[in-house]
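Peer 1: Provided herewith is a single structure, encoded as structure tokens, for subsequent inquiry.
Numbering (UniProt numbering), first residue to last: 1 to 382.
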């Protein structure tokens, strides 16, 4: 473990402001806002705030108030937050983000999870938090080699937890973090106490009898994902096939990188007209900065490429036997169906919330914290 501190050169911030000021803006066809992509007026206003109102140093200082480290695992440097609880019997918990997220997603939940006594909770619910940046993302990137797929990341996380001395631990994740968390529970069940997910994909059943048994509400939930997929999956098709081509544009243009991420924060959060209805504007920009400052647009997209181009034969779905908890947030378009989820997961806890979306820890930190605590509370003494 090597202590790490963010210290972005001032020249990088000057260069960012120069590029923002020199943005070459495209024309825009008249249409309903967001139908053809990020609206020009919205992005101009957000970019102007990034240029003139956003203070990276303030957010850098907030991140530097937390213990950060880097560790070389399987030949790659991994950046992580390792925030120990003041409670000696706290449960270690590794929390994994997805794309286009980062460790910034969890800044508002770190305090309540690690020090519930100070935040009006029960000290028995405390966690030692391990929050790594995915390989190729932010300060865990760029990558210098291929092959970093979900199983390899899960193996790296298991090695990381051993290196930190955490022999029995919990796992939490959403988006790609949910895939890594499930895989970690499958490959390291003797050490993983439980897996909490705020994303879980369920597909329509192939069995006609199983499909006929679905309720109207369950069919509507599956239809919502199917209806959204054609319009919302273009980014994934590109990142799964030509991540290097995309990297040139996003690494050269901060507004390009901003638009690429802001669009997903509108579509995937519990918002209608702008991402800021669901997440703090400056936190959104800090998350974008993790991609911009590190030039990791391409290496983060490579996770999609590795998933779409496995090195070996396809691996059939495997059942997660570790106790699993699922939190479903009402604004997440990819909400799962429990009866289908139970086929491949040992689900012992299921919560449904009427608000919040894909970036649950940013959107509804109180609900996120409450559900994580509740799930692991029932497992700690097991």
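Ideal Cβ placement from N, Cα and C applies to all residues, glycine included.
Applying the 10 Å Cβ sphere with the 16-neighbour rule, what's the burial state of residue 64?
Peer 2: Here residue 64 refers to the residue found at position 64 of the chain shown. So residue 64 ends up on the exposed side.
Peer 1: Report the option in 57, 31, 80, 349 whose CA atom is closest to the CA atom of residue 9.
Peer 2: Start at 1 with the first residue of the chain shown, and residue 9 comes out as number 9. It is 57.
Peer 1: Between the alpha carbons of residue 155 and residue 333, how many angstroms are there, rounded?
Peer 2: In the chain shown, residue 155 corresponds to position 155, counting from 1. In the chain shown, residue 333 corresponds to position 333, counting from 1. About 30 Å.
Peer 1: Cα-Cα, which of 276, 322, 110, 232 is closest to residue 126?
Peer 2: Mapped onto the chain shown, residue 126 falls at position 126. Residue 126 has its Cα closest to that of 110, out of 276, 322, 110, 232.
Peer 1: Nearest to residue 354 by alpha carbon, out of 130, 227, 363, 292?
Peer 2: Within the chain shown, the letter at position 354 stands for residue 354. Checked all of 130, 227, 363, 292; the closest Cα to residue 354 is 363.
Peer 1: On the criterion of 16 or more Cβ atoms from any shown chain inside 10 Å, does residue 244 qualify as buried, or is it exposed?
Peer 2: Position 244 of the chain shown, counting from 1, holds the residue named residue 244. Under this definition residue 244 is an exposed residue.
Peer 1: How about the segment 87 to 97 and the segment 166 to 183: do they share at least three Cβ pairs that are nearer than 8 Å?
Peer 2: Short answer: they touch.
Peer 1: Please classify residue 119: is it buried, with 16 or more other beta-carbons within 10 angstroms of its beta-carbon, or exposed?
Peer 2: Taking the first residue of the chain shown as 1, we reach residue 119 at position 119. Residue 119 comes out exposed.
Peer 1: Does residue 39 pass the burial test, meaning 16 or more other C-beta atoms within 10 Å, or should it be called exposed?
Peer 2: Locating residue 39 in the chain shown gives position 39, counting from the first residue. Buried, by the Cβ-count rule.
Peer 1: Using beta-carbon positions only, say whether residue 200 and residue 168 come within less than 8 Å of one another.
Peer 2: Against the chain shown, residue 200 aligns to sequence position 200. Against the chain shown, residue 168 aligns to sequence position 168. Cβ distance not < 8 Å, so residue 200 and residue 168 don't count as in contact.
Peer 1: Enumerated in chain order, which unbroken segments of the alpha helix (DSSP H) with a length of 4 residues or greater are wholly contained in the segment 230 to 301?
Peer 2: For the segment 230 to 301, whole alpha helix (DSSP H) runs of length 4 or above, ordered along the chain, are 234 to 241, 243 to 252, 254 to 267, 281 to 292.
Peer 1: For the alpha helix (DSSP H) containing residue 133, list its first residue and its last residue.
Peer 2: As a working mapping, residue 133 is identified with position 133 in the chain shown. No alpha helix (DSSP H) contains residue 133, which DSSP labels as neither H nor E.
Peer 1: In angstroms, rounded to a whole number, what distance separates the CA positions of residue 122 and residue 87?
Peer 2: Position 122 of the chain shown holds residue 122. Position 87 of the chain shown holds residue 87. Whole-angstrom Cα-Cα distance: 11 Å.
Peer 1: According to the Cβ coordinates, are residue 36 and residue 29 closer than 8 Å?
Peer 2: As a working note, residue 36 is residue 36 in the chain shown. As a working note, residue 29 is residue 29 in the chain shown. Yes. Within cutoff.
Peer 1: Residues in the same chain with beta-carbon distance under 7 Å from residue 21, minus the five sequence neighbours each way, listed in chain order, please.
Peer 2: The count along the chain shown starts at 1 and reaches residue 21 at position 21. Around residue 21: 51.
Peer 1: Using the beta-carbon count (16 or more within 10 Å), is residue 352 buried or exposed?
Peer 2: Indexing the chain shown from 1 puts residue 352 at position 352. Exposed, since its Cβ has fewer than 16 Cβ neighbours within 10 Å.
Peer 1: How close, in whole Å, do the beta carbons of residue 180 and residue 150 come, if the pair is a contact with beta carbons under 8 Å?
Peer 2: Within the chain shown, residue 180 is the residue found at index 180, counting from 1. Within the chain shown, residue 150 is the residue found at index 150, counting from 1. Indeed they touch by this definition, with Cβ atoms about 6 Å apart.
Peer 1: For the structure I just gave you, are there three or more beta carbon pairs, one from the segment 130 to 138 and one from the segment 64 to 80, closer than 8 Å?
Peer 2: Because the criterion of three Cβ pairs below 8 Å is met, the segment 130 to 138 and the segment 64 to 80 touch.
Peer 1: Return the residue from the list 113, 212, 100, 25 that minimises the CA-CA distance to residue 177.
Peer 2: Start at 1 with the first residue of the chain shown, and residue 177 comes out as number 177. It is 100 whose Cα lies nearest to the Cα of residue 177.
Peer 1: With a threshold of 16 other CB atoms inside 10 Å of the CB of residue 115, please say whether the residue is buried or exposed.
Peer 2: Numbered from 1 along the chain shown, position 115 holds the residue referred to as residue 115. Buried is the call here.
Peer 1: So is residue 203 buried or exposed if we call it buried at 16+ other beta carbons inside 10 Å?
Peer 2: Taking the first residue of the chain shown as position 1, residue 203 is located at position 203. Burial call: exposed.
Peer 1: Looking at the structure shown, is residue 167 part of a helix, part of a strand, or coil, going by DSSP?
Peer 2: In the chain shown, the residue the question calls residue 167 occupies position 167. Residue 167 falls in the coil class under three-state DSSP.
Peer 1: Please go through the same chain and pick out, in chain order, the residues whose beta-carbon is closer than 6 Å to the beta-carbon of residue 324, but skip the five residues on each side of it.
Peer 2: Position 324 of the chain shown, counted from the start, is the residue given in the question as residue 324. These residues qualify, in order along the chain: 195, 345, 346, 347.
Peer 1: Once DSSP output is grouped into helix, strand and coil, what is the label at residue 31?
Peer 2: Start at 1 with the first residue of the chain shown, and residue 31 comes out as number 31. DSSP places residue 31 in coil when its eight states are reduced to three.
Peer 1: Is residue 315 buried or exposed, if buried means 16 or more other CB atoms sit within 10 Å of its CB?
Peer 2: Position 315 of the chain shown, counted from the start, is the residue given in the question as residue 315. So residue 315 counts as exposed.
Peer 1: According to DSSP, is residue 376 helix, strand or coil?
Peer 2: What you label residue 376 is simply residue 376 of the chain shown in a count that begins at 1. Helix.
Peer 1: Please determine, among 152, 66, 59, 31, the residue with the shortest C-alpha to C-alpha distance to residue 405.
Peer 2: Absent from the model: residue 405. The displayed extent of the chain is 1 to 382, so no value can be given.
Peer 1: Which of helix, strand or coil does DSSP assign to residue 38?
Peer 2: Position 38 of the chain shown, counted from the first residue, corresponds to residue 38. Here residue 38 sits in coil by DSSP.
Peer 1: Which runs of the alpha helix (DSSP H) at least 4 residues long sit entirely within the segment 81 to 156? Give them in chain order.
Peer 2: 107 to 114, all fully within the segment 81 to 156.
Peer 1: Could you name the residues of the same chain whose beta carbon sits closer than 7 Å to that of residue 104, not counting the 5 residues immediately before and after it, in chain order?
Peer 2: As a first step, residue 104 must be located in the chain shown, where it is residue number 104. Only 283, 286, 287, 290 meet the Cβ criterion.
Peer 1: What is the rounded straight-line gap between the Cα of residue 265 and the Cα of residue 137?
Peer 2: Against the chain shown, residue 265 aligns to sequence position 265. Against the chain shown, residue 137 aligns to sequence position 137. Residue 265 and residue 137: Cα-Cα distance of roughly 17 Å.
Peer 1: Measure the Cβ-Cβ separation of residue 73 and residue 160 and say whether it is below 8 Å.
Peer 2: Against the chain shown, residue 73 aligns to sequence position 73. Against the chain shown, residue 160 aligns to sequence position 160. Yes.
Peer 1: How would you write the range of the beta strand (DSSP E) that residue 25 sits in, first residue to last?
Peer 2: As a first step, residue 25 is located in the chain shown; it is residue number 25 there, counting from the start. Neither: residue 25 is in no beta strand (DSSP E) and is coded neither H nor E.
Peer 1: So who's on the other strand from residue 51, going by DSSP bridges?
Peer 2: Within the chain shown, numbered from 1, the residue matching residue 51 stands at position 51. In DSSP, residue 51 forms no bridge with anything.
Peer 1: Report the residue from 340, 33, 295, 278 whose alpha carbon sits nearest the alpha carbon of residue 258.
Peer 2: The count along the chain shown starts at 1 and reaches residue 258 at position 258. Ranking 340, 33, 295, 278 by Cα distance to residue 258 puts 295 first.
Peer 1: Return the residue from the list 331, 228, 301 that minimises the CA-CA distance to residue 272.
Peer 2: Translated into the one-based positions of the chain shown, residue 272 becomes position 272. Residue 272 has its Cα closest to that of 331, out of 331, 228, 301.
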